[in-house]
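To keep things clear, I will list the structure first and then write my remarks on it.
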């Protein structure tokens with residue numbers, strides 16, 4: 068998996084086989100740094116997300132139930148933050164205040180999974196939010212008000228209201244939903260029209 072910094076200058080690539088993150092400089096196409104996260108990544112390709120200000124990268128360590136945070140300016144890795152069982156992805160809210168982490172669960176598809184919410188300023192983790200079976204990824208609306216979580220093993224998408232941490236809807240979709248994307252609706256601004264008959268709207 069990979070994530071691109073908001074300014075487009077760097078790409079962060081998680082390497083599940085050796086527990087590292089490669090940093091690619093987009094201007095040159097070269098790997099400018101290799102950051103060691105640890106052996107926790109060896110069994111999986113973990114999720115990765117960059118904060119909107121580009122200062123931190125969050126990496127889900129699936130096999131050990133933690134999230135690591137990289138400071139982009141230095142490449143330093145924080146002490147791991149404990150979340151739930153088998154965290155499979157990370158998404159950051161548009162204001163950069165929270166990281167949402169779906170916890171896939173035990174892999175049997177018989178137990179409901181959860182979503183952990185990390186306060187980015189402190190690293191504190193909220194009480195887990197119960198969703199459906201085997202949540203795999205998460206996407207947050209542009210206004211930051213809702214998080215959508217597809218549940219692989221029960222064919223549903225859970226909708227979390229971020230202000231309350233409550234699942235406000237469960238939507239039945241197809242078999243084994245494994246990804247989600249949210250479309251932004253752009254609207255044209257209303258033109259400003261002067262009152263004089265000879266002037267043009269602008």
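Residue numbers (my numbering): 68 to 269.
Note that the Cβ used here is the ideal one computed from N, Cα and C, for glycine as well.
Return the residue from the list the options that minimises the CA-CA distance to residue i.
i           : options               : result
residue 150 : 141, 122 and 181      : 181
residue 100 : 129, 250 and 142      : 142
residue 161 : 95, 80, 213 and 226   : 213
residue 232 : 76, 125, 188 and 168  : 168
residue 237 : 176, 177, 155 and 224 : 224
residue 130 : 241, 170 and 211      : 170
residue 189 : 211, 163 and 174      : 163
Grab me the residues of residue i's own chain with a C-beta within less than 7 angstroms of its C-beta, minus the 5 sequence neighbours each way, in chain order.
i           : result
residue 43  : Given that the chain is displayed from residue 68 to residue 269, the structure contains no residue 43 and the question cannot be resolved.
residue 78  : 69, 71, 91 and 93
residue 80  : 69, 88, 89 and 91
residue 239 : 222 and 223
Tell me whether residue i sits in a helix, a strand or coil according to DSSP, three-state version.
i           : result
residue 222 : coil
residue 240 : coil
residue 179 : strand
residue 148 : strand
residue 213 : strand
residue 91  : strand
residue 105 : coil
residue 153 : coil
residue 143 : strand
Would you mind stating whether residue i and residue j have Cβ atoms separated by less than 8 angstroms?
i           : j           : result
residue 204 : residue 193 : no
residue 104 : residue 84  : no
residue 246 : residue 202 : no
residue 158 : residue 206 : yes
residue 127 : residue 154 : yes
residue 152 : residue 176 : no
residue 271 : residue 187 : Given that the chain is displayed from residue 68 to residue 269, the structure contains no residue 271 and the question cannot be resolved.
residue 219 : residue 244 : yes
Among the residues of its own chain, which have a CB less than 6 angstroms from the CB of residue i, if the five just before and after it don't count?
i           : result
residue 257 : Confidence is the limiting factor: at residue 257 the pLDDT is only 43, short of 50, which leaves the residue's position unreliable, though a coordinate-based value still follows. Answer for residue 257: no residue qualifies.
residue 251 : 209
residue 145 : 136
residue 235 : 226 and 228
residue 178 : 172
Among residues of its own chain, excluding the 5 on either side of residue i, which ones have a beta-carbon nearer than 8 angstroms to its beta-carbon?
i           : result
residue 121 : 72, 73, 74 and 139
### Task
Check whether the segment 72-88 touches the segment 111-129, taking contact to mean three or more Cβ pairs, one atom from each stretch, closer than 8 angstroms.
Taking 8 angstroms as the limit for Cβ pairs, the verdict is that the segment 111-129 does touch the segment 72-88.
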